[in-house]
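Residue numbers (UniProt numbering), protein chains in the order written: chain A, 1 to 276; chain B, 1 to 276; chain C, 1 to 276; chain D, 1 to 276.
Protein chains: 4
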Amino acid sequence: MKKTLLISSPDTQGLVAKVASILYSHHLNIEKNDEHVDLEHNHFFMRTKFSGEIEDSLLLNELKASLHPQAQISLKNEEKKSIIILCTKENHCLGDLLLRHQSGELNAEIKAVISNYEDLRDLSEKFEIPYFCVDTLTNSREEHEQKMLEIIQRFEVDYLVLAKYMRILPPSFVSHFQNQIINIHHSFLPAFIGANPYKQAYDRGVKMIGATSHFVNNDLDEGPIITQDIIHINHTYSWQEMQKAGRDVEKIVLARGLKLALEDRIFVFANKTIIF
Amino acid sequence: MKKTLLISSPDTQGLVAKVASILYSHHLNIEKNDEHVDLEHNHFFMRTKFSGEIEDSLLLNELKASLHPQAQISLKNEEKKSIIILCTKENHCLGDLLLRHQSGELNAEIKAVISNYEDLRDLSEKFEIPYFCVDTLTNSREEHEQKMLEIIQRFEVDYLVLAKYMRILPPSFVSHFQNQIINIHHSFLPAFIGANPYKQAYDRGVKMIGATSHFVNNDLDEGPIITQDIIHINHTYSWQEMQKAGRDVEKIVLARGLKLALEDRIFVFANKTIIF
Amino acid sequence: MKKTLLISSPDTQGLVAKVASILYSHHLNIEKNDEHVDLEHNHFFMRTKFSGEIEDSLLLNELKASLHPQAQISLKNEEKKSIIILCTKENHCLGDLLLRHQSGELNAEIKAVISNYEDLRDLSEKFEIPYFCVDTLTNSREEHEQKMLEIIQRFEVDYLVLAKYMRILPPSFVSHFQNQIINIHHSFLPAFIGANPYKQAYDRGVKMIGATSHFVNNDLDEGPIITQDIIHINHTYSWQEMQKAGRDVEKIVLARGLKLALEDRIFVFANKTIIF
Amino acid sequence: MKKTLLISSPDTQGLVAKVASILYSHHLNIEKNDEHVDLEHNHFFMRTKFSGEIEDSLLLNELKASLHPQAQISLKNEEKKSIIILCTKENHCLGDLLLRHQSGELNAEIKAVISNYEDLRDLSEKFEIPYFCVDTLTNSREEHEQKMLEIIQRFEVDYLVLAKYMRILPPSFVSHFQNQIINIHHSFLPAFIGANPYKQAYDRGVKMIGATSHFVNNDLDEGPIITQDIIHINHTYSWQEMQKAGRDVEKIVLARGLKLALEDRIFVFANKTIIF
């Protein structure tokens, strides 16, 4: 059985030696080990994938006793994670995730889809995923947030995936899900923050458009970036065509960002990501 | 002999027919014809590369008589254009252009290099290009501008190329060279406008860095974009390493933008470029 | 109403003038005109998008009378084209096209899906597309081909799209659909022709993997290339992970290639494509 | 002082622990640690960058005593490596490396340039690098090889860089420099092996062209790939224009491959590279 050990700690000498020795003493076999020191903040990150048999609590206790008191240590097994997808009207990101889910490529269970519109109910239910519509017409701001939270809390989820969810989540909501909300931003952040980035990009006459997957913090579009990519365009694109072309890079970049999260490859520190 | 006809005009019916018929009546042979209509502004752009013998003034007069009174018509032959390169201390963009010049790949004569420092004199003179240093310590702002203009006016140049020229050109200077100044911006505009974009990008934790070649207008970093590209980076890059990695994309993007200009492929309209 | 005129002809002087003048004489308005001359073969290609009212046969006859006797002239309106998708077991390319179809992004009607297996029936029928399985166990080679042709001939289709159809189509079949079959090859042709290109790529230790959409001719993998793209990989990828990562570039490149075909942007000549 | 420890060894349990503990026992501080296990060959690779004071032989002996008898262990300091560049007539790769050398970006000393022609003597000497021409007209095959070796042996070099050296090196020559010769191949290997890949690519109608930096083994174009990249092209490119455009990707890919080698980031195993 394979497990992944994640350690984020103030840097001190001998960290790799201590961790590796503890693993070795239990006859655990390191298959992949990545390590990074943020020299600006003197902070240490380590991701170790190992095989072998060990009781989680035993290993964690031993590591805690041996490492820095402020070290954050977690141990992940290979069980599928659970996610909920939030979306609005566009089908490309949701559909792409549903297809990956269906083929078994997405190492996660999609527990539910939540939207502020009914448009994507049919698509979601085609793939037998429960769909919840919490509209913003009949619900006040507070009711909306409350109902969303209620639905989410019915499931035990690891990540919320904003698959073109076109509504700003209030800080009170976001605060429940620190580094658990992954968004696709339809631009290469930090350019074109805010509404209709394709129109902004068109007006500026840019020659490429991009997409950014990132964690959502309180400030819209300001969370830690996970991954980004672009496609080249030219003067023949209207902003609607830019938007259409942008969908391809959006869905790929969102899926890549989610995959990295599901594989426990991401550390968040100082509003940035370290990705192994 | 090959020539390139460039027409930018309010759109009216029959423009292609009129132009093509005039060329045909003189037994000129169209080798490549590109056309674009900006439907937002109802404006027409056409670039026609043709072979055959014709007196320029004859053709231009005939076209002027036939087309819209506000049409801008120009005729380019295949003679090498003349450029002056402005630079500061970094050698990668200047050196790249000097090498392309030496191999004959750059379809232009580099008439001179002008800098605010002495650092690149040696490199420039290695390649036998006259080097002028107009420093900003002994020269006042007005003297600096005046001396720069004097040097430039000694040569008849088609383009000024800012090859990492790290000083803002004042509007009074820029106004002499409408759509003739090509800059390399060390970022994918419009992100990270202003000083030290690599430090900005590092602090934001971006996963790619880019470069943009663009014409310089009065507003810094706001001129029409010619071409852009990016490279992917990760958390292991310090901002100095990002800057170092960025040099590769800077020099390539500047050379590409300049090449497009030298081949008479660019129209500027509404602060954007149409590139054929 | 907008139409697209496609002309492929031995090059002669005055072609653009003749065509544009005929269009102008009928008060048709050229919105986009692209032209290319293959100087190696002295062959002319022109794609003209125009608006205005004209009877197709009238315009075509006038053009035929005016142009070279070997000129190939066709006129396309903006009606949706019809396609049939062929697939085997993998869902990513089929699913991607079904989603684009559902959202209205794909400017085509998917008339049917045909497969040699039952695996993708459920997916296809979720999206209400008729699914036909012609297996290769109970059918002889001749029966298989015959049944495929029968199904296809029930519909009037413009293109057959091989969305990871993992069976070689015999020349007798292909000959019915000259430049009408679009395949996605899971590699950047011409590297790794044949079976399991990901295993081949892994064994060679390549640092990027690609995909190629192309028309299918008699020789497998040798038809005219439409579009290609790549993603970067590294030593941590097993060939199975390369294959998984490759799916993203496969589906995007197939969709791009099909889009170009559906928009009547592709000429095929001398086993290559000219794409406007 | 920083050093880099490289270990390539049959995989056994506890390797990371053993190495890290030895480093820790000498109060050495690991700044970056990368590790990979090739599960196909059960082989372990580790690159550890550390700071602190230690006598090289002491550390190496201790590691050798502790690790697998077949483990290959080496220790690199941060001293500049020495390289010799081989080239023929094209200036873009040589010039690019000379510029990087001049700016201090290239962490290496260029000891000499060797060519089979005189064409690039002037460029090389502009940058004060000794230039040796060993022509193939007046020298027999054996003399040519002998003279090349003699020149190279005057210097102590870490790598030979083939910067568009258009002559096949015989196995007897290559055998002297196992994993020390870095070539730029003007294609994305393994496509278009052999002469004039741009003409081959043109004839095949490809939509992108690439470049590959790789180590040279006995078989031409078959050595371990270091890095690859591509640029997109279209039907308007003649093969000469493809070649011209290809230069940009060639020089960047060669410089990237060399940089990885100079930073001691590359392991070669089973005709592939592992790059940390």
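Virtual Cβ for every residue (Gly too), placed ideally from N, Cα, C.
| Query | Result |
| --- | --- |
| Beta-carbon within less than 6 Å of F267(A)'s beta-carbon, same chain only, minus the 5 sequence neighbours each way: which residues are those? | S8, F45 and I274 |
| Consult DSSP for S103(A) and reduce its assignment to one of helix, strand or coil. | helix |
| Check whether chain A comes within 8 Å of L99(C), counting only Cβ atoms and requiring the distance to be less than that. | yes |
| What runs of the beta strand (DSSP E), each 3 residues or longer, lie entirely inside the region 97–174 of chain D? | 108–115, 131–133 and 159–162 |
| In chain order, which continuous runs of the beta strand (DSSP E) of length 3 or greater are located wholly inside the region 218–276 of chain A? | 225–232, 266–269 and 272–275 |
| Considering only C-alpha positions, which residue in the set I209(B), I225(B) and E125(B) is nearest to E241(B)? | I209(B) |
| Flag N217(A) as yes if its beta-carbon sits less than 8 Å from any beta-carbon of chain C, otherwise no. | no |
| Leaving out five residues before and five after N42(D) in sequence, what residues of the same chain have Cβ atoms less than 7 Å from its Cβ? | P10 and D11 |
| Please check if any C-beta of chain A sits within less than 8 Å of the C-beta of Y237(D). | no |
| Smallest Cα separation from R204(D): which of P224(C), N196(C), H186(C) and D219(C)? | P224(C) |
| For a contact defined as C-beta to C-beta under 8 Å, what are the partners of I252(C) on chain A? | D248 and I252 |
| Do you know how far the Cα of S187(C) is from the Cα of V37(D)? | 26 Å |
| Between the Cα of K18(D) and those of M1(D), F50(D), H68(D) and S57(D), spot the shortest distance and give me the residue it belongs to. | H68(D) |
| Quick one: is L58(D) buried, meaning 16 or more other Cβ sit within 10 Å of its Cβ, or exposed? | exposed |
| What are the boundary residues of the alpha helix (DSSP H) that includes P197(A)? | P197 to R204 |
| Nearest-angstrom Cα distance between T138(D) and L97(D)? | 29 Å |
| Under three-state DSSP, which class holds I22(B)? | helix |
| Run down chain A in chain order and give the residues with a C-beta less than 8 Å from the C-beta of I85(B). | Neighbours of I85(B) on chain A: none; closest Cβ ~23 Å, over 8 Å. |
| What separation, rounded to the nearest whole angstrom, lies between the Cα atoms of A201(D) and L254(D)? | 20 Å |
| In chain C, which residues lie with their C-beta within 8 Å of the C-beta of I225(D)? | R204, G205, V206 and K207 |
| Is any beta-carbon of chain D found at less than 8 Å from that of N139(C)? | no |
| Give me the DSSP bridge partner(s) of V37(B). | F44(B) |
| Does the Cβ of A20(A) have 16 or more other Cβ atoms within 10 Å, making it buried, or fewer, making it exposed? | buried |
| Any idea what DSSP makes of K3(C), helix, strand or coil? | strand |
| Does any residue of chain A have a CB that is nearer than 8 Å to the CB of A191(B)? | yes |
| Cβ of A20(B) less than 8 Å from any chain C Cβ? | yes |
| Mind the definition here: the region 99–117 of chain C touches the region 84–91 of chain C only if three or more C-beta pairs lie below 8 Å; say whether that holds. | yes |
| Just to confirm my understanding: we take D119(A), look at its own chain, exclude 5 residues before and 5 after, and list those with CB closer than 6 Å. What are they? | K89 |
| When the Cα atoms are used, what is the spatial distance from T30(D) to L75(D)? | A quick correction: the sequence has Ile, not Thr, at residue 30(D). If I take the Cα positions, the gap works out to 14 Å. |
| Check K76(A) in the structure and name its three-state DSSP category. | strand |
| Just to make sure I have the definition right: I need the residues of chain B whose C-beta is within less than 8 Å of the C-beta of G257(C). Which are they? | Chain B residues near G257(C): none, gap ~23 Å exceeds 8 Å. |
| Please name the residue or residues paired with L15(B) in a DSSP beta bridge. | Note: L15(B) sits in no beta bridge, so no partner. |
| Which two residues bound the contiguous alpha helix (DSSP H) that contains A65(D)? | D56 to S66 |
| Can you confirm whether N271(C), when its beta carbon is compared against all beta carbons of chain D, has any partner nearer than 8 Å? | yes |
| In angstroms with no decimal places, state the Cα-to-Cα distance between I193(A) and S175(A). | 21 Å |
| With a threshold of 7 Å (Cβ to nearest heavy atom), would F177(B) be considered close to the ligand SAH? | Although the ligand SAH was asked about, the structure shown includes no ligands whatsoever. |
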